[in-house]
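Q: Residue numbers for the sequence shown follow full-length UniProt numbering, so the first one is 1 and each next one is one higher. Think of the CB as a built atom: it goes at the ideal place given N, C-alpha and C, for glycine as much as any other residue. What you are looking at is a predicted structure, and each value in this text was computed from that prediction instead of being measured.
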Amino acid sequence: MLFMSTAQEDLTGRARLRDAAIEGFAAHGFDESLRAIAARAGVSAGLVRHHFGSKEELRAECDATVLERYRIMKEDSINVPATRVFAQLPSSHEGGLLMVYILRSVQDGSAAGRTFIENMVAEAAAFTADAVARGLVVPSRDEAARARYMVQQSIGSMLVNLAMRPDVRLDDFPAVMEQYMAETMLPTLELYTEGVFTDSSYLDQYLSFRAANTNPPAGRAGEPLAR
């Protein structure tokens, strides 16, 4: 009975440390010390090595946990009817935390960051394919390329937004996402819904050019490609 109790306490302690590390990494970056993480979890620093062995192993578990939680959050959001989307716009602590953690991972160029992006691209491709089938989204000539572009634009936009606001406290996770959405939701929906150009001239010209240059030779910057 004592063994079972101790095992349960270890499990709880490990989870508390992992969640404290996720918050610490998101708020202050991946240089956050093990001592600071332990203090955030309300445990001794020695317990970090007891449960995880090293900071690298702790980071790996945090990455896996964030990826799984983001996947679940995304699946839940996809099933929310459009009529209820805007009632849920104020970001939750969890949603803001996950996005800030992902942005940190992308920014530091880690393998986890690349994994996050690839998973988001795959999810976007699946989501848009379903939306096209349901008549909610127009089809693309290249669904995979569109999904990748949308994810890269979204992540890039958030990274630039935060880089231009060094005064923003990243540990206030809901406020970070609320501020971002307040600035970008209208232009994003307007762009996706109504487009930008008044006719298809530029697209038509590009498609014609691409058809005539299936394998165009590479030229120097500023020089026209040979036909």
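For the candidate residues Ser140, Ser208, Pro166, whose alpha-carbon lies nearest to that of histidine 28?
A: Pro166
Q: So does the segment 174 to 183 actually touch the segment 105 to 112, counting three or more Cβ pairs closer than 8 Å?
A: no
Q: For a quick check, are the C-beta atoms of residue 270 and isoleucine 37 less than 8 Å apart?
A: For the chain, the structure presents residues 1 to 227; residue 270 sits outside this window and is missing.
Q: Take the Cβ of methionine 164 as the centre, count every other Cβ of all protein chains shown within 10 Å, and call the residue buried at 16 or more, exposed below.
A: Methionine 164 is exposed by the Cβ-count criterion.
Q: Spatial neighbours of arginine 148 within its chain, please: CB distance less than 6 Å, with the 5 preceding and 5 following residues excluded, ordered by chain position.
A: Val121
Q: Just to check my reading of the structure: leucine 103 and methionine 158 have Cβ atoms closer than 8 Å, yes? What is that Cβ distance to the nearest angstrom?
A: 6 Å
Q: Three-state secondary structure (DSSP) at leucine 89?
A: Because leucine 89 sits at a pLDDT of 45, beneath the cut-off of 50, its placement in the model cannot be relied upon, and the following sentence gives the value as read from the coordinates. In the three-state reduction of the DSSP assignment, leucine 89 falls in the coil class, being assigned neither a helical nor a strand state.
Q: Work out the CA separation of arginine 59 and threonine 198 for me, nearest whole Å.
A: 48 Å
Q: What residue range is occupied by the uninterrupted alpha helix (DSSP H) comprising glutamate 190?
A: 173 to 194
Q: What's the C-alpha gap between glutamate 57 and glutamine 205?
A: 52 Å
Q: Would you call valine 85 buried or exposed, if buried means 16 or more other Cβ atoms sit within 10 Å of its Cβ?
A: Only weak support exists for where valine 85 lies, its pLDDT of 48 falling under 50; the value from the coordinates is given anyway. The residue is exposed, with fewer than 16 neighbouring Cβ atoms inside 10 Å.
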